[in-house]
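Report on one structure; see the data block that follows.
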Amino acid sequence: MANNGNQGWRRVVRAFGYSMKGFRACFELEEAFRQELLLLIPLVPLGLWLGETPVERALLVASLLVVPIVELLNSAIEANVDRIGTERHELSGRAKDIASAAVFSSIALCVVVWALLLVPKLF
Numbered sequence: 000m001a002n003n004g005n006q007g008w009r010r011v012v013r014a015f016g017y018s019m020k021g022f023r024a025c026f027e028l029e030e031a032f033r034q035e036l037l038l039l040i041p042l043v044p045l046g047l048w049l050g051e052t053p054v055e056r057a058l059l060v061a062s063l064l065v066v067p068i069v070e071l072l073n074s075a076i077e078a079n080v081d082r083i084g085t086e087r088h089e090l091s092g093r094a095k096d097i098a099s100a101a102v103f104s105s106i107a108l109c110v111v112v113w114a115l116l117l118v119p120k121l122f
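Going by numbering that gives the first Met the number 0, the sequence shown opens with residue 0, and the numbers climb by one from there.
Structural data, given as structure tokens:
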């Protein structure tokens with residue numbers, strides 16, 4: 000796939016198609032991804048409304064968008080580990096656990112950013 004002769008706009012169009020295929024697969028197969036996207040529906044407008052400056056708005060929204068991005072990577076890692084085999088292996092478990100920790104860290108980052116920007120406004 001990496002070097003199949005596509006150049007210029009044709010390569011860009013094909014890459015976009017592969018990306019959409021990845022989004023579709025993650026949406027159909029990963030419940031956590033669907034849940035995170037569902038939470039974005041009210042939270043992105045809320046972040047745009049609560050941010051007082053363009054930088055605050057960018058931080059609030061960007062911290063939200065990091066979560067599904069990391070979930071996409073987590074899902075890709077899990078799919079690759081599952082493809083190798085279904086037997087339990089310490090390294091497979093470790094890879095999945097580390098990917099899951101990345102998702103948790105992205106959620107924690109989001110909570111910290113929102114708290115740092117919004118809690119002072121409450122007091």
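Even for Gly, the Cβ is constructed at its ideal location relative to N, Cα and C. From a predicted model like this one, the values you see are computed outputs, not experimental measurements.
| Item | Value |
| --- | --- |
| Unbroken stretches of the beta strand (DSSP E), 3 residues or longer, contained in the stretch 35 to 68 | none |
| Burial state of G92 (16 or more Cβ within 10 Å) | exposed |
| Helix, strand or coil at G92 according to DSSP, with G and I counted as helix | helix |
| Cβ contact check for the stretch 43 to 56 and the stretch 72 to 84: 3 or more pairs under 8 Å | no |
| Boundaries of the alpha helix (DSSP H) in which E27 is found, first to last residue | 7 to 28 |
| For E70, the three-state DSSP class (helix, strand or coil) | helix |
| contact_flag[the stretch 57 to 67, the stretch 108 to 116] where n(CB pairs < 8 Å) is 3 or more | yes |
| Backbone CA spacing between A107 and L39 [nearest angstrom] | 16 Å |
| Candidates L36, G84, E89, H88, of which the one nearest V66 by Cα | L36 |
| Whether S105 touches E70 by CB criterion (9 Å) | yes |
| Distance between beta carbons of G84 and L63, contact taken as under 8 Å | Their Cβ separation, rounded to whole angstroms, is 35 Å, which puts L63 and G84 out of contact at 8 Å. |
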